[in-house]
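Going down the list, the protein sequences come from chains Y and B.
Take 1 as the starting number for the first sequence in our numbering and just add one per residue.
Take 1 as the starting number for the second sequence in our numbering and just add one per residue.
Every residue gets a Cβ at the ideal spot worked out from N, C-alpha and C, and that includes glycine.
Computed from a predicted structure; not experimentally measured.
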Amino acid sequence: MRIEQRRRFAILGLTAPTYLWLALTIFLPLSVMLYFSFLTVAPIGNREPALTFAQYGAFLDKEFYRFLTWRSVMMGVHVTLGCVLIGYPAALILAHHVPNRWREALFLLIVLPFWSNALVRIFSWTMVLRENGLIDRGLQAIFPDAPSVGILFTYPAIIVGLVHSYLPYMILTCYISLQAIDRSLIEAARSLGASNLAIFRRVLLPLSLPGLLAGMVLVFVPVIGSFMEPRILGGLEGVTLGTVIEDQFTAVFNWPLGAALSFILLAIVLTILAAAYPLLRRNLQPF
Amino acid sequence: MIERRGIVGAAAKAGVGFVLAAALAIGPMIGAAAAEELNVLNWQGYGTDEAWALELFEERTGVEVIHDYFNSEQEMLTKLRTSPGTYDVVLINSAFTEQAAKEGLIQPVDSGKIENFEDLSPLLRDSPRFIIDDKLYAIAWVWGMTAVAYNTEDLETAPESIQVFWDLEFAGRVGWRDDAVEAVSFAAIATGQDMNHPEDLDKVREKLRALKPQIRAFWSSEDEWNKLFAAGQFDVSTYWSGSAARSATNFDLPVGYVVPEEGAIGWFDGLSIATDAPNPEAAHAFINFLIDPEFYVRWATEVGAPASANREANAALPEGDMGREIHGDEAAMKRLQWMAPLSDEERRTYQEIWDETKAYFAQ
């Protein structure tokens, strides 16, 4: 009994700082914002706030908020899909087909964009994607009559910028689970006559699923709230729920509405993750 | 009186001729203030705190200028309310002068003590925003506008109407600022309404939605505008007047600038004197110094400044300066609507209209 008690104290003592830290840095600010989302005005200066559900009411009242929410979620889906399509094969090649001495150099190239400021990266994309930009000039150097393929200020430009920004997360998580797969399993499958496709479907994919799913969550969650990339690359099509939330905080000083919209977005993310929970729980065990 | 004579006498004996001349010229106003302080309340880096200007002013009057700053109009009003008798000169946007005067935070200005007063543009000088209950509460200082900029290589003649933004000939060739209040203001002007408090918001909504095929790109800063314009992204765009002058003069961009016949957005700032100012005489002298062409030309050419309310100061800008042309056109200035303070409620409504419009653009 005494040993049991001491164990409990030890666990409490060791984990308490973590929980305290989480409470101070995440739970407390979030609670304040949750409180703000039920007020009429932000209680700053000599304003008189009152409790209200009007901010959440606005979301139900105005159809365009729901449209923008749908748009943000779809943006998350498209970017995640793009990251999977490029990131997973890249990780596969990196883990199984690249000689060791090249691997480090390639990793450096993948992580390199992370060392530069996100805003700088996005602005560089505007120079590449715009009409008469780098891609256009390159094309026209080869085919003088090539039409412009500039996609700046369109929805695809946002997807390109976001996929580039979040791709490293996907490659790194996929790589970790792919390189952990025992090579002899692949050789065994091959010796038993499995085709490449069968090896991929029945050996590689199931065993690397935890990394793939972790990568998808890591990409999807921040992307649906993103506002900087859509604003810069999207032009006329650059409005998302994220940019509207940003406006509430920076342009009109309407913190309550901004907070309410943020919590609605959070609720949607949690709902999606909850729906995917059975799948995640089964596959994330080794992590 | 004895003290003042003593100081003037000492200066003469010391043989500081320049100081003497300056002290005699504005002697009755400034004598008592010699070796005194003047407290100014303004935005940081907004002209009045240029080091060379303060040195020059002190050299001429012996008054040392001390600055305090605010970060918002509300903060400025709060500082005036909570520290009466502290500040002499305060910069107030014309939209807030009436409120400050009604609250008793500022006192009437004696225009007789401002030598350069007659040179001010009458439109700003005699604005009802400054004359409250028949008393003048502010001296017009600087102003600017948001109107139509166009590419002179694509458009041979300047567009006359604000409807150019809705002209299908410029479909996909329009630049627009991603700002709710500005968007609503332009739509209100284009539908013939009061820019600040449009009555028919449905008309505004409809007008904004009609921009969908027109807008090529949103801009948010002068730097971004220059990049987009240089890359040939748009032919016509909303733009700030001071920035248009810089884009044309400093960056050699083919920018033309025009105030359409329906009008455009204007703003102006005034200099006021706080109630119970410790040093009202020096305050008048400093205001006169700030609206003088000598100060303005150096500020505008070396640092960069909005347009001066003083017509002489504007005319003293170097030949070929585009700001001189676009800000010197009194007829265009008459067509402007001037920005007024908006309530929180109005701001929220305008933001919602604009967000809804952008959602429609993205559909």
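Supposed close pair residue i, residue j - CB separation, criterion 8 Å
i	j	result
SER386 (chain B)	PHE268 (chain B)	Any answer about residue 386 (chain B) is impossible in this case: the structure gives chain B only from 1 up to 363.
SER72 (chain Y)	ILE224 (chain Y)	5 Å
LEU162 (chain Y)	SER116 (chain Y)	Not quite, the Cβ-Cβ distance comes to about 16 Å (not below 8 Å), so this is no contact.
ALA359 (chain B)	PHE67 (chain Y)	5 Å
ILE131 (chain B)	ALA274 (chain B)	With 8 Å as the limit, ILE131 (chain B) and ALA274 (chain B) do not qualify as a contact, their Cβ atoms being about 18 Å apart.
TYR69 (chain B)	GLN44 (chain B)	4 Å
ILE92 (chain B)	VAL204 (chain B)	About 29 Å separates the two Cβ atoms, so there is no contact after all.
Cα-Cα separation, residue i to residue j
i	j	result
ARG101 (chain Y)	ALA267 (chain Y)	45 Å
GLY234 (chain Y)	ALA230 (chain B)	19 Å
LEU92 (chain Y)	LEU178 (chain Y)	7 Å
MET33 (chain Y)	TRP255 (chain Y)	8 Å
CYS174 (chain Y)	ALA276 (chain Y)	19 Å
TRP21 (chain Y)	ILE122 (chain Y)	33 Å
ALA23 (chain Y)	LEU265 (chain Y)	21 Å
PRO293 (chain B)	GLU312 (chain B)	6 Å
TYR150 (chain B)	PHE170 (chain B)	11 Å
ASN75 (chain B)	THR82 (chain B)	It should be pointed out that residue 75 (chain B) corresponds to Glu in this sequence rather than to Asn. About 10 Å.
ASN226 (chain B)	THR271 (chain Y)	44 Å
LEU282 (chain Y)	LEU205 (chain Y)	Before going on, a small fix: residue 282 (chain Y) reads as Arg here, not Leu. If you take the alpha carbons of ARG282 (chain Y) and LEU205 (chain Y), they lie about 14 Å apart.
PRO17 (chain Y)	LEU30 (chain Y)	19 Å
Residue closest to residue i, alpha-carbon to alpha-carbon, out of the options
i	options	result
PHE218 (chain B)	B:LYS203, B:VAL236, B:VAL204 and B:MET145	B:VAL236
MET339 (chain B)	B:ALA149, B:TYR87, B:HIS67 and B:PHE186	B:PHE186
ASN314 (chain B)	B:LEU120, B:SER161, B:GLY47 and B:ALA158	B:LEU120
GLU206 (chain B)	B:ARG173, B:ALA190 and B:GLU294	B:ALA190
PHE220 (chain Y)	Y:LEU257, Y:LEU205, Y:PHE27 and Y:LEU273	Y:LEU273
VAL65 (chain B)	B:VAL297, B:LYS203, B:GLU55 and B:ARG129	B:GLU55
PRO147 (chain Y)	Y:ALA157, Y:LEU119 and Y:GLU131	Y:GLU131
ILE265 (chain B)	B:ASN151, B:LEU105, B:TRP143 and B:VAL89	B:TRP143
ASN270 (chain B)	B:VAL90, B:ALA248 and B:ALA277	Checking the displayed sequence, the identity of residue 270 (chain B) turns out to be Gly instead of Asn. Nearest C-alpha to GLY270 (chain B): B:VAL90.
GLY175 (chain B)	B:ARG246, B:ARG348 and B:LYS212	B:LYS212
THR157 (chain B)	B:HIS67, B:VAL258, B:ALA180 and B:GLN193	B:VAL258
ASP276 (chain B)	B:ALA101, B:LEU155 and B:GLY47	B:ALA101
SER127 (chain B)	B:GLU73, B:GLN163, B:GLN337 and B:MET76	B:GLN337
ILE159 (chain Y)	Y:ILE232, Y:PHE143 and Y:TYR56	Y:ILE232
ILE110 (chain Y)	Y:LEU30, Y:THR69, Y:ILE171 and Y:MET74	Y:ILE171
PHE361 (chain B)	B:GLY320, B:PHE295 and B:ALA210	B:ALA210
ILE114 (chain B)	B:ALA138, B:THR78 and B:ALA180	B:ALA138
TRP141 (chain B)	B:ASP133, B:PHE289 and B:GLY256	B:PHE289
LEU280 (chain Y)	Y:THR250, Y:ALA251 and Y:PRO210	Y:PRO210
VAL217 (chain Y)	Y:GLY150, Y:PRO49, Y:PRO113 and Y:VAL77	Y:VAL77
GLU345 (chain B)	Y:PHE253, Y:GLY258 and Y:SER262	Y:PHE253
ARG348 (chain B)	Y:SER262, Y:PHE107 and Y:ILE245	Y:ILE245
CB contact below 7 Å: residue i versus chain B
i	result
VAL252 (chain Y)	yes
PHE64 (chain Y)	yes
LEU233 (chain Y)	no
GLU237 (chain Y)	yes
PHE227 (chain Y)	no
ILE268 (chain Y)	no
LEU129 (chain Y)	no
VAL244 (chain Y)	yes
Neighbour-count burial assignment, residue i, 16 or more Cβ in a 10 Å radius
i	result
ARG201 (chain Y)	exposed
ALA21 (chain B)	Bear in mind that a pLDDT of 44 at ALA21 (chain B), under 50, signals an unreliable position, so the number given afterwards is only what the model happens to contain. Classification of ALA21 (chain B): exposed, given that the 10 Å Cβ count is below 16.
ALA23 (chain B)	Note that ALA23 (chain B) scores 44 on pLDDT, short of 50, meaning its location in the model is unreliable; the coordinates nonetheless yield the value given after this. So ALA23 (chain B) counts as buried.
MET241 (chain B)	According to the sequence displayed, residue 241 (chain B) carries Ser and not Met. Flag for SER241 (chain B) reads buried.
LEU197 (chain Y)	exposed
PRO289 (chain Y)	Absent from the model: residue 289 (chain Y). The displayed extent of chain Y is 1 to 287, so no value can be given.
HIS327 (chain B)	buried
VAL120 (chain Y)	exposed
TYR19 (chain Y)	exposed
ALA332 (chain B)	buried
ARG137 (chain Y)	exposed
MET145 (chain B)	buried
VAL303 (chain B)	exposed
THR243 (chain Y)	buried
HIS197 (chain B)	exposed
ARG183 (chain Y)	exposed
Check: residue i C-beta below 6 Å from any heavy atom of the ligand SAM
i	result
ILE224 (chain Y)	Although the ligand SAM was asked about, the structure shown includes no ligands whatsoever.
Contact with chain Y by residue i, beta-carbon distance below 7 Å
i	result
ILE353 (chain B)	no
ILE265 (chain B)	no
ARG177 (chain B)	no
ARG60 (chain B)	no
ILE215 (chain B)	yes
ALA359 (chain B)	yes
PRO28 (chain B)	Residue placement at PRO28 (chain B) is poorly supported in this model, since its pLDDT is 43, which falls under 50; the coordinates still yield a value, given next. By this cut-off, PRO28 (chain B) is not an interface position.
ALA316 (chain B)	no
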